[in-house]
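What follows is a single structure, written as structure tokens, with notes after it.
Chains as they are written, first to last, in the numbering used here: chain A, 4 to 282; chain B, 217 to 343.
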């Protein structure tokens, strides 16, 4: 597992002292969670939202696929359905995440802030801040896994296409990794400069469920394997908030979806993320 | 960074080459560099009508997916299917082999609203 020093350039200065929206949601179905994040990204594309940290949970275990991931490759759907795991597609890239016992975040940056800032720099800035929060509160020192931003080499498309289906089976850019494996998975979507970054902090891993869905265990290392007693989800949320406050100077102001954002999420739920689209 | 003088550019980092009422579109060298290694490309079907500022496809790198925004309004008359099979060409040759689609423009004068190479370079320096 490799890691690299990251040296983001303009983003920390642009974010310093910004007022952020803090949206803390209760558990909801996967399709609604993704529709809300997509609606927030669309608002960010139009510069109609401040930077936003959304913390949320899943009402049922849910497998989220990357935006272009083949749903039939490397996933046992018979097992998944029998085990009661829902299926949804994320607006972000990357590989599949099994959302079971975790704390989930999304960060949305408006186009005015994200435009001109590369994928790697966004990961370095945001992931490093969030991981610093986990270190400060729980004493767990993760590093941000490397991001290739230099495209001078020849990309190996074939290798990528044959990557494991499980996001937590490999470490890629922006993930939170330890020598023992991977605690935080992350993925991004960009829309005309606006940024949506997803992340999952594993609390516990039900090995039978993960192995059943993916056919084999990955590199998952949940908090439960690192500290006891296992922190409550609210403590993990607090650590992530702390990380953003200290790491990028965010002033987090509690908020909720605006009326227009909720209407857009309901439209996207019906058109793009509705139940039955993938099953 | 390389921005050919004969092309026009959008604020969302697409380039346009106009010949009569046809416009060839791709993403800029800056955009491909920002994304990193491209591994997937999704383009619209020939015949679809797109409006300026509409999403017309997506491009995915190893850890991020980016929406492609049409800088102009028109009907898709060609899409580079070979590029969807070899999306890494976007990193190698963004202004050549990595053209994405050709639009038959509804209103060729729309092009005048796009940036020149010099203006795009200034825009990139300021953003």
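Think of the CB as a built atom: it goes at the ideal place given N, C-alpha and C, for glycine as much as any other residue.
- Between residue 326 (chain B) and residue 284 (chain B) the beta-carbon gap is near 17 Å, outside 8 Å, which marks them as no contact.
- Of all residues in the stretch 281-296 of chain B, those with a C-beta nearer than 9 Å to a C-beta of chain A are 281, 282, 283 and 285, reading in chain order.
- For a cut-off of 8 Å, the C-beta gap from residue 20 (chain A) to residue 118 (chain A) is around 19 Å, too long to register as a contact.
- Between residue 278 (chain B) and residue 255 (chain B), the CB-CB gap stays under 8 Å.
- Between the C-alpha atoms of residue 29 (chain A) and residue 100 (chain A) there is a straight-line separation of about 19 Å.
- Residue burial is scored here from C-beta neighbours: residue 116 (chain A) has at least 16 other C-beta atoms within 10 angstroms and is therefore classed as buried.
- The C-beta of residue 305 (chain B) has 16 or more other C-beta atoms within 10 Å across all chains shown, which makes the residue buried.
- DSSP, read as helix, strand or coil, puts residue 276 (chain B) in strand.
- As the crow flies, the alpha-carbon of residue 289 (chain B) is around 13 Å from that of residue 328 (chain B).
- Residues 245 of the same chain have their beta carbon placed closer than 6 Å to that of residue 218 (chain B), with the five preceding and five following residues left out of the count.
- About 6 Å separates the CB atoms of residue 148 (chain A) and residue 175 (chain A); that is less than 8 Å, so the two are in contact.
- Within the same chain, Cβ atoms closer than 6 Å to the Cβ of residue 132 (chain A) are found at 246, 247, 250 and 251, the five residues on either side in sequence being excluded.
- Contact note: residue 256 (chain B) reaches chain A through 71, using a C-beta cutoff of 7 Å and chain order.
- Against chain A, the beta carbon of residue 251 (chain B) has neighbours under 7 Å at 122, listed in chain order.
- The bridge partners DSSP lists for residue 265 (chain A) come to none.
- Any Cβ of chain B closer than 8 Å to the Cβ of residue 55 (chain A) would place that residue at the interface, and such an atom is absent.
- About 5 Å separates the Cβ atoms of residue 276 (chain A) and residue 38 (chain A), confirming a contact at the 8 Å cut-off.
- The DSSP-derived three-state label of residue 264 (chain B) is coil.
- Excluding sequence positions up to five before and after residue 214 (chain A), its CB lies within less than 6 Å of the CB of 220, all in the same chain and listed in chain order.
- The DSSP assignment places 14-18 and 33-48 as complete runs of the alpha helix (DSSP H) inside the stretch 4-84 of chain A, in order along the chain (cut-off: 4 residues).
- Of all residues in the stretch 268-281 of chain B, those with a C-beta nearer than 9 Å to a C-beta of chain A are 269, 271, 274, 276, 277, 278, 279, 280 and 281, reading in chain order.
- Linking residue 89 (chain A) to residue 103 (chain A) through their CA atoms gives a straight-line distance of about 10 Å.
- Closest option to residue 186 (chain A), judged by alpha-carbon separation, among A:230, A:192, A:218 and A:194: A:230.
- For residue 334 (chain B), there is no enclosing beta strand (DSSP E); the residue is part of the alpha helix (DSSP H) that begins and ends at 333-342.
- The CB of residue 300 (chain B) never comes closer than 8 Å to any CB in chain A; the least such distance is about 11 Å.
- Annotated as proximal: residue 110 (chain A) and residue 129 (chain A), with beta-carbon spacing under 8 Å.
- Taking 3 residues as the shortest admissible run, the stretch 167-244 of chain A contains the following complete beta strand (DSSP E) segments, listed from N- to C-terminal end: 179-181, 184-194 and 197-207.
- Within chain A, the residues 195 and 196 have their CB atoms less than 8 Å from the CB of residue 228 (chain B), given in chain order.
- Against chain B, the CB of residue 21 (chain A) has no partner CB under 8 Å away; the residue lies outside that interface.
- CA-CA distance, residue 269 (chain B) to residue 47 (chain A), rounds to 15 Å.
- Sorting A:182, A:75, A:143 and A:126 by C-alpha distance to the C-alpha of residue 189 (chain A) places A:126 at the top.
- Taking C-beta atoms as the reference points, residue 192 (chain A) and residue 280 (chain B) count as a pair closer than 8 Å.
- The beta carbon of residue 207 (chain A) sits closer than 6 Å to those of 104, 225 and 227, all from its chain and outside the five residues before and after it, given in chain order.
- Residue-level contact by beta carbon holds for residue 95 (chain A) and chain B, with a gap shorter than 8 Å.
- Among the CB atoms of chain B, none fall inside 8 Å of the CB of residue 221 (chain A).
- Assigned with DSSP and collapsed to three states, residue 219 (chain B) falls in coil, not helix or strand.
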